[in-house]
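Visitor: Residue numbers (the working numbering), protein chains in the order written: chain C, 524 to 703; chain Z, 186 to 536. Below is the structure I would like to discuss, written out as structure tokens.
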Amino acid sequence: MIEVRIHGRGGQGAVTASQVLAMAFFEDGKWAQAFPAFGAERRGSPAMSFVRVDKKPILIRSQVYHPQYALVLDPTLLDAVNVCKGMECCGFIVVNTKHDIGEMHVTNRYTVDLDTIAMKVIGRKFVNLAMLGAFSAVSGAVSMKAISKAIRLRMEPKVAEKNTKAAKMAHEMVKKEVSK
Amino acid sequence: METLVVERLAQFVNNGELDARMIKVESEHSACSAAFGAQAAGVRAFSATNSQGLALMNEILYIMSGARLPAVFGIVNRAMSSPINIWCDHSDTMGCRDTGWIQLYCESAQEILDTTLQAFRIGEHKDVLLPVMVCFDGFILSHLYEPVYIPTRTEVKPFVGKYRPHVKLDPDKPVTMGPVGMPDSYMEFKKQQAEAMEAAKKVIKDVDREFKRRYGRGYGGLVEKVNIPAKTIIIALGSVCGTIKEVIKKHKNIGLLRIRSFRPFPEKEVKKACAKAENICVIDRAFSFGNHGPIFTEVNSALRNCNATITGFIAGLGGRDITPDDIENVIKNADEGGTLWLDVFGKGVSR
Numbered sequence: 524m525i526e527v528r529i530h531g532r533g534g535q536g537a538v539t540a541s542q543v544l545a546m547a548f549f550e551d552g553k554w555a556q557a558f559p560a561f562g563a564e565r566r567g568s569p570a571m572s573f574v575r576v577d578k579k580p581i582l583i584r585s586q587v588y589h590p591q592y593a594l595v596l597d598p599t600l601l602d603a604v605n606v607c608k609g610m611e612c613c614g615f616i617v618v619n620t621k622h623d624i625g626e627m628h629v630t631n632r633y634t635v636d637l638d639t640i641a642m643k644v645i646g647r648k649f650v651n652l653a654m655l656g657a658f659s660a661v662s663g664a665v666s667m668k669a670i671s672k673a674i675r676l677r678m679e680p681k682v683a684e685k686n687t688k689a690a691k692m693a694h695e696m697v698k699k700e701v702s703k
Numbered sequence: 186m187e188t189l190v191v192e193r194l195a196q197f198v199n200n201g202e203l204d205a206r207m208i209k210v211e212s213e214h215s216a217c218s219a220a221f222g223a224q225a226a227g228v229r230a231f232s233a234t235n236s237q238g239l240a241l242m243n244e245i246l247y248i249m250s251g252a253r254l255p256a257v258f259g260i261v262n263r264a265m266s267s268p269i270n271i272w273c274d275h276s277d278t279m280g281c282r283d284t285g286w287i288q289l290y291c292e293s294a295q296e297i298l299d300t301t302l303q304a305f306r307i308g309e310h311k312d313v314l315l316p317v318m319v320c321f322d323g324f325i326l327s328h329l330y331e332p333v334y335i336p337t338r339t340e341v342k343p344f345v346g347k348y349r350p351h352v353k354l355d356p357d358k359p360v361t362m363g364p365v366g367m368p369d370s371y372m373e374f375k376k377q378q379a380e381a382m383e384a385a386k387k388v389i390k391d392v393d394r395e396f397k398r399r400y401g402r403g404y405g406g407l408v409e410k411v412n413i414p415a416k417t418i419i420i421a422l423g424s425v426c427g428t429i430k431e432v433i434k435k436h437k438n439i440g441l442l443r444i445r446s447f448r449p450f451p452e453k454e455v456k457k458a459c460a461k462a463e464n465i466c467v468i469d470r471a472f473s474f475g476n477h478g479p480i481f482t483e484v485n486s487a488l489r490n491c492n493a494t495i496t497g498f499i500a501g502l503g504g505r506d507i508t509p510d511d512i513e514n515v516i517k518n519a520d521e522g523g524t525l526w527l528d529v530f531g532k533g534v535s536r
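The following block contains the structure:
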């Protein structure tokens, strides 16, 4: 079973991203769950959402405490919450930032400047679905085809088109970093 | 919490996918009253609520069941305030235990859909004629995305069928509804209601069996049994049963009895399943102040002639997560007896 945690701020679409990712896994023939951290998030405050995926139906209903992947939509969260919490050092972290994120207890760290991609393609800093492209490149656990399809299923056609493009750009950028 | 349910229904109605009228009201008391009126006029009525909202309906809940109107409500289980809390536990529906509504608890998103379809058949059955609550855990299930098989309208129609009310308000054929039940008749009404609830046991089982035949998915009727008989049996209801199923895969001789129908209570099934068990662990997501957890009390009553040690665990109140580690803790303390609180004040278990 793979467990993914998405960190964002209220309003940045961490929950939507988890839902689209679960749908993408489903499109790839897997069983998936997506759910938010059960808080009372306000716009701008730290928020989390989770995805579980497996080859067989998922029975467990508790929250995710030891994810293999953490996706961070907002670089300012690095100072606000412990994004590595509960992770083994062999886990993977992807952060949306153009800056160096320095040392962390998790060894596999990737940065991708999703803000710039989103500004260019979408015209606003909507990075939640672009992050899924980066996740696909880092994990290899879900195909870009499935992510594109899930985005199209979940979003309005115009929005979907832009987000798919942003996700593909993020995917290409991170793929280069991964193969280094 | 139930907002999503109602929003989606509003969409269905707006898009012409559901032949129904949405009635907007100002409170849950009115929502329940409107559902009563609609049902009395001879149509199916549905609403969704939880927590304090359900408590506000309480007065009308009794009136609905007493009038034998088989409405179906979705209840998204949530804690009762105060302190203010919007998260999952079963305090709300446990507080409605004696309202005369059938209560079915679900473990997965698929089961919520399937049980809702079943609920109409159960409630409307001529031997039952009782309203049904389809209960599912707030946030844990209500805010969950997971694969669900959604049957088409043509698949559902022959199963659910057309609603044929046993009696309705009709100016051409006047009837009295909601009459006074004087001391010389009230008790007869209540006895009939008790018999209907008893009859519901068979109907719940039959409907689930028919559902399984038709759609390939069944839930065991009143209870679901996993790895039974076993030396230690965990009894619980709702979404936590999924986590329990995952945990007991690693253990030998531990079974799960998932109570699907809390009202009517499957006394016979509990007795049979626990006949050879040495330890029974009951997980309650609610507490009856001054006594024990509500399911614990019922299980004790069902097993009054058994020698097994029965331990109650109060867990997951107000949205506190019930983790696999908590279930391991339950198993470790299976022979303690009495009521223990799980994961409270930073302790694994405490009296």
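C-beta atoms are modelled at their ideal positions from N, C-alpha and C, and glycine is treated no differently.
Please confirm if Z/Leu289 has its CB atom under 8 angstroms from at least one CB of chain C.
Guide: Contact with chain C is absent for Z/Leu289, since none of that chain's Cβ atoms lies less than 8 angstroms from the residue's Cβ.
Visitor: Taking the C-alpha atoms as reference points, what is the distance between Z/Pro350 and Z/Thr188?
Guide: Taking the CA atoms as reference points, Z/Pro350 sits about 29 angstroms from Z/Thr188.
Visitor: State the DSSP-derived secondary structure class of Z/Asn438, mapped to helix, strand or coil.
Guide: coil
Visitor: Could you pull out every unbroken beta strand (DSSP E) segment of at least 3 residues lying fully inside the region 482-525 of chain Z, listed in chain order?
Guide: 494-499
Visitor: What does the alpha-carbon distance come out to for the pair Z/Val534 and Z/Ala493?
Guide: 21 angstroms
Visitor: Check whether the region 530-542 of chain C and the region 600-610 of chain C are in contact - that is, three or more C-beta pairs closer than 8 angstroms.
Guide: yes
Visitor: Checking 8 angstroms against the spacing of the C-beta atoms, do Z/Ile444 and Z/Ile419 come in under that value?
Guide: no
Visitor: Report the three-state DSSP secondary structure of Z/Arg445 (helix, strand or coil).
Guide: coil
Visitor: Beta carbons nearer than 9 angstroms to chain C: which residues of the region 315-340 of chain Z have them?
Guide: If the cut-off is 9 angstroms between Cβ atoms, the region 315-340 of chain Z has Asp322, Gly323, Phe324, Ile325, Leu326, His328, Leu329, Tyr330, Glu331 and Pro332 near chain C.
Visitor: Give the interface partners of Z/Asp506 over in chain C, defined as CB-CB distance under 7 angstroms, in chain order.
Guide: Ser585 and Gln586
Visitor: Any idea what DSSP makes of Z/Ser232, helix, strand or coil?
Guide: strand
Visitor: When DSSP labels each residue in this structure, what does C/Gln556 get in the three-state scheme?
Guide: strand
Visitor: Mind listing, in chain order, the continuous beta strand (DSSP E) runs of no fewer than 3 residues lying wholly within the region 293-334 of chain Z?
Guide: 317-322
Visitor: Please list the terminal residues of the continuous beta strand (DSSP E) segment that includes C/His530.
Guide: Ile525 to Arg532
Visitor: Is it right to say Z/Phe474 is buried, meaning 16 or more other beta carbons lie within 10 angstroms of its own, or is it exposed?
Guide: exposed
Visitor: Taking the CB atoms as reference points, tell me whether Z/Ser446 and Z/Leu407 lie closer together than 8 angstroms.
Guide: Taking 8 angstroms as the Cβ cut-off, Z/Ser446 and Z/Leu407 qualify as a contacting pair.
Visitor: Let me confirm a value: Z/Phe321 is counted as buried when at least 16 other C-beta atoms fall within 10 Å, else exposed. Which label applies?
Guide: buried
Visitor: Going by alpha carbons, who is nearest to C/Asn605 out of C/Asn631, C/Met571, C/Lys578 and C/Ile583?
Guide: C/Met571
Visitor: Starting from Z/Gln196, follow its DSSP beta bridges and name the residues at the other end.
Guide: Note: Z/Gln196 sits in no beta bridge, so no partner.
Visitor: Is the shortest distance between the beta-carbon of Z/Glu296 and the beta-carbons of chain C less than 8 angstroms?
Guide: no
Visitor: Going by the CB atoms, is the gap between Z/Arg282 and Z/Met382 shorter than 8 angstroms?
Guide: no
Visitor: Under 9 angstroms Cβ-Cβ, which residues of chain C neighbour Z/Thr428?
Guide: Leu582, Ile583, Arg584 and Ser585
Visitor: Leaving out five residues before and five after Z/Leu502 in sequence, what residues of the same chain have Cβ atoms less than 8 angstroms from its Cβ?
Guide: These residues qualify, in order along the chain: Ala264, Asp274, Ser276, Arg470, Ala471 and Phe472.
Visitor: Under 9 angstroms between beta-carbons, which chain Z residues line up against C/Ala555? List them in chain order, please.
Guide: Tyr330, Glu331 and Pro332
Visitor: Which one or two residues does DSSP pair with Z/Cys466 in a beta bridge?
Guide: Z/Cys466 is bridged to Z/Ile419 and Z/Thr496.
Visitor: Measure how close the beta-carbons of Z/Asn235 and Z/Gly323 come, nearest whole angstrom, since I'm counting them as under 8 angstroms.
Guide: That pair is a contact at about 6 angstroms.
Visitor: Please report whether the beta-carbon of C/Gln535 lies at a distance below 8 angstroms from any beta-carbon of chain Z.
Guide: no
Visitor: Just to confirm, is the Cβ distance from C/Gly645 to C/Ala689 under 8 angstroms?
Guide: Here residue 645 of chain C turns out to be Ile, not Gly, going by the sequence shown. For the pair C/Ile645 and C/Ala689, the CB atoms are nearer than the 8 angstroms cut-off.
Visitor: Is the CB of Z/Glu431 under 8 angstroms away from at least one CB in chain C?
Guide: Taking a beta-carbon distance threshold of 8 angstroms, Z/Glu431 counts as an interface residue toward chain C.
Visitor: Name the one or two DSSP bridge partners that Z/Leu527 has.
Guide: Z/Val534
Visitor: Can you list the residues of chain Z that C/Gln542 reaches, using a CB-CB cut of under 8 angstroms?
Guide: Tyr330
Visitor: Give the DSSP bridge partners of C/Val576, in chain order.
Guide: C/Ile525 and C/Ala555
Visitor: Give me the residue from Z/Gly259, Z/His328 and Z/Gly285 with the minimum Cα distance to Z/Leu314.
Guide: Z/Gly285
Visitor: Output the distance between the C-alpha atoms of Z/Asp468 and Z/Thr300, rounded to the nearest integer angstrom.
Guide: Note that residue 468 of chain Z corresponds to Ile in the displayed sequence, not to Asp. Computed Cα separation, rounded: 22 angstroms.
Visitor: So, for C/Asp551: in the same chain, excluding its five sequence neighbours on each side, which residues have a beta-carbon less than 8 angstroms away from its beta-carbon?
Guide: The answer, listed in chain order, is Val665, Ser666 and Ala669.
Visitor: Can you list, in chain order, the residues of its chain with a C-beta nearer than 6 angstroms to that of Z/Phe450? Leave out the 5 residues immediately preceding and following it.
Guide: Glu483
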